[in-house]
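Asks: Could you have a look at this structure, given as structure tokens, before my questions?
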Amino acid sequence: MSQIKNNLKPQDIVILLKIIALGNKDWFHHTLAEELGMSQSEVSQSLNRSKYAGLIDDARKKVNRIAFNEFIIHGISYAFPQHPGPIVRGVLTAHSAEPLNKIINASEKYVWPYARGNDRGQAIEPLFNTVVEAVLKDNILYELLAMVDALRVGRVREKEIAKKELEKRILNAQ
């Protein structure tokens, strides 16, 4: 029974990417919660699940970058798959957003649905419902989440490029 509450959820990925995006800056549960539009209890529960999965240290402060990178590269598309939906207004993601849109030239656009978005494209459900608001305030988080979406929805070429770019940022970031 306790196993069920320890299964990773999509917001766990968002929180771990936010911690990576913060680099060496100090953070607290309440600041993560505020910046991500989540409750403090959601953040706390998420960090507990990530600790159980071995994706963050015992103090729940430092991401285990090697394990997290392995999970993102090899598991994200299976754990949290996504298929493009109808054309909607939103915020660019996957290979349609930076940095991948500078490397990949694609005719189709993918967006997170967002009424005040400036672009139109096929809808991609974000990992958590507050992602769009959070990335509008944090460009590093935006790029990380967009590359994760490329792994969730991209074709082989897009996935390979996204893997290389993510690996650089996850393993080499401080």
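Numbering that gives the first Met the number 0 applies: residue 0 is where the sequence shown begins, and numbers increase by one. Beta carbons are placed, not taken as given, at the ideal position from N, Cα and C, and that holds for glycine.
Measuring CB atoms only, is the region 114 to 132 touching the region 84 to 91, in the sense that at least three cross pairs come out at less than 8 Å?
Replies: Yes, they touch.
Asks: Check this for me: beta carbons of H82 and V131, under 8 Å apart or not?
Replies: Contact: no.
Asks: Note the first and the last residue of the continuous beta strand (DSSP E) segment covering I71.
Replies: Here I71 belongs to no beta strand (DSSP E); instead the alpha helix (DSSP H) covers 64 to 78.
Asks: Using 8 Å as the cut-off, can you tell me whether the region 12 to 29 makes contact with the region 62 to 69, which would need three or more C-beta pairs spanning the two stretches below that distance?
Replies: Judged by Cβ distances under 8 Å, the region 12 to 29 makes contact with the region 62 to 69, as three or more pairs qualify.
Asks: So which of L7, L35, I55, I86 has the shortest CA-CA distance to I144?
Replies: Looking at the sequence provided, one finds Leu at residue 144 rather than Ile. Checking every option, the nearest Cα to that of L144 belongs to L35.
Asks: Helix, strand or coil for D118? Go by DSSP, reduced to three states.
Replies: It is a strand residue.
Asks: In or out: A122 buried (at least 16 other Cβ within 10 Å) or exposed?
Replies: Buried, since its Cβ has 16 or more Cβ neighbours within 10 Å.
Asks: With a threshold of 7 Å on Cβ separation, who are the neighbours of I86 within its own chain once the five nearest residues in sequence on each side are excluded?
Replies: Taken in chain order, the residues that qualify are R119, G120, Q121.
Asks: Give me, in chain order, the residues of the same chain whose beta-carbon lies closer than 7 Å to that of F67; leave out the 5 immediate sequence neighbours on both sides.
Replies: Only L15, L54, I169 meet the Cβ criterion.
Asks: Spell out the partners DSSP gives W111 in its beta bridges.
Replies: Note: W111 sits in a beta bridge opposite V90.
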